[in-house]
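Peer 1: In terms of our numbering, the sequence shown is residues 6 to 233. Cβ coordinates follow ideal geometry from the N, Cα and C atoms, glycine included.
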Amino acid sequence: MSGSSETKTALILGASRGIGRALALDLKERGWNVIGSVRKLTEIPGVRIIQLDLNDEKSIQAASADFPPIDLLVVSGAIAGTENLLETSSEHLHHYLDTNVVGPHRAVQAFLPALRRGNKKQIVLISSMLGSNEIMFGRDMELFSGPYSITKAALNMMAVLLHNYLQKDGFTVIPIHPGWVDTDLGKLAGPGAMPISESVGGIAGVIEDLTPEKSAKFVNWKGEPMPW
């Protein structure tokens with residue numbers, strides 16, 4: 006594997022299903038060399054699989070040891086649900102934070118050396134409009150108005166801070182809202198979600214058009230700006 010300009014290498018964390026899996030396959034079709042992480046070993050055609058758990062520091066360290074150069078790190082793995090914040094236990098909120106916020110932080114730290122050796126040095130965090138303070142303010146919304154929203158807001162701030170730290174080294178970091186997608190999570194909100202191929206096709210296009218000038222911009226799958 007190489008981080009050369011001729012063959013771009015992407016590492017997709019959370020590639021076993023949903024957006025992560027579909028994005029891995031889409032980038033592969035676009036000519037990327039794709040590595041996908043899963044918790045339980047599974048096959049993805051044309052994608053090299055590594056095993057790690059975002060909640061397990063040791064598994065991340067083991068998976069990232071002596072890793073080849075990568076151009077792109079996508080953090081897609083997350084947990085989601087429809088819990089009301091006032092009815093959520095502190096223990097449950099802690100689990101959300103560990104998976105959706107601390108987990109990505111663990112992963113970025115672990116794979117940062119591989120990104121530094123790559124050419125493009127891109128980090129994409131799969132976020133959500135539900136992490137937007139402006140969108141959620143005063144919103145009468147039963148679904149996804151609890152721990153999930155909190156973690157996505159934190160993930161957005163993580164993207165900004167990573168940009169602040171890494172921009173001088175040529176990194177590009179963005180959070181991206183994938184839209185209301187026909188995944189296990191999207192089905193919780195009822196019918197009408199967009200096909201996953203539409204979302205990941207847009208995300209892949211945003212990735213391929215990324216430049217350092219676009220770093221720290223919160224966008225949707227079409228590349229349109231999102232409110233913080």
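Is the beta carbon of isoleucine 54 closer than 7 Å to that of glycine 41?
Peer 2: yes
Peer 1: Compare the Cα-Cα distances from valine 165 to each of Ile179, Ile84, Gly82, Trp37 and report the closest residue.
Peer 2: Ile179
Peer 1: So, are the CB atoms of isoleucine 75 and alanine 112 less than 7 Å apart?
Peer 2: no
Peer 1: Ignore the nearest five residues each way along the sequence and tell me which others in threonine 104's own chain have a CB closer than 7 Å to its CB.
Peer 2: Leu59, Asn60, Ala83, Ile84
Peer 1: At which residue ranges does the region 97 to 133 contain complete beta strand (DSSP E) runs of 3 or more residues, listed in the order of the chain?
Peer 2: 127 to 131
Peer 1: Pull up the DSSP beta-bridge partners for leucine 16, would you.
Peer 2: Ile40, Leu78
Peer 1: Taking the alpha carbon of isoleucine 212 as the point to measure from, which residue in Ile49, Asn38, Ile181, Ser94 has its own alpha carbon closest?
Peer 2: Nearest C-alpha to isoleucine 212: Ile181.
Peer 1: Let me confirm a value: glycine 175 is counted as buried when at least 16 other C-beta atoms fall within 10 Å, else exposed. Which label applies?
Peer 2: exposed
Peer 1: Quick one, are the C-beta atoms of leucine 78 and isoleucine 131 less than 7 Å apart?
Peer 2: No Cβ-Cβ contact shorter than 7 Å links leucine 78 with isoleucine 131.
Peer 1: Using 8 Å for Cβ pairs, my map puts leucine 28 next to alanine 198. What's the rounded Cβ distance?
Peer 2: Actually they are not in contact, since the Cβ atoms of leucine 28 and alanine 198 sit about 16 Å apart, beyond 8 Å.
Peer 1: Are valine 80 and alanine 159 touching if we call contact CB-CB under 7 Å?
Peer 2: No, they are not a contact pair.
Peer 1: Just checking my contact of valine 43 with leucine 32 at CB under 8 Å: how many whole Å lie between their CB atoms?
Peer 2: Rounded, the Cβ-Cβ distance is 16 Å, inconsistent with contact.
Peer 1: Just mark serine 137 as buried or exposed, buried being the case when its beta carbon has 16 or more other beta carbons within 10 Å.
Peer 2: buried
Peer 1: Determine the closest residue to proline 217 out of Glu139, Asn169, Lys13, with distance taken between C-alpha atoms.
Peer 2: Asn169
Peer 1: Under a three-way DSSP split, which group does proline 200 fall into?
Peer 2: coil
Peer 1: Taking only three categories from DSSP, how would you classify isoleucine 84?
Peer 2: coil
Peer 1: Report the three-state DSSP secondary structure of isoleucine 65 (helix, strand or coil).
Peer 2: helix
Peer 1: So, at 8 Å on beta carbons, what are the nonlocal neighbours of lysine 13 in its own chain, with the 5 sequence-adjacent residues on each side left out?
Peer 2: Counting only residues of its own chain and dropping the five nearest sequence neighbours on each side, lysine 13 has a CB closer than 8 Å to the CB of Gly36, Trp37, Asn38, Asp76, Leu77, Asn124, Lys125.
Peer 1: Alpha carbon to alpha carbon, how far is isoleucine 140 from tryptophan 233?
Peer 2: 8 Å
Peer 1: Tell me which same chain residues have a C-beta within less than 7 Å of the C-beta of methionine 6, skipping the five on either side of it?
Peer 2: In this prediction, methionine 6 has a pLDDT of 41, which is less than 50 and means its spatial position is unreliable; what the coordinates show is noted afterwards. Contacts found: Thr14, Asn38, Pro73.
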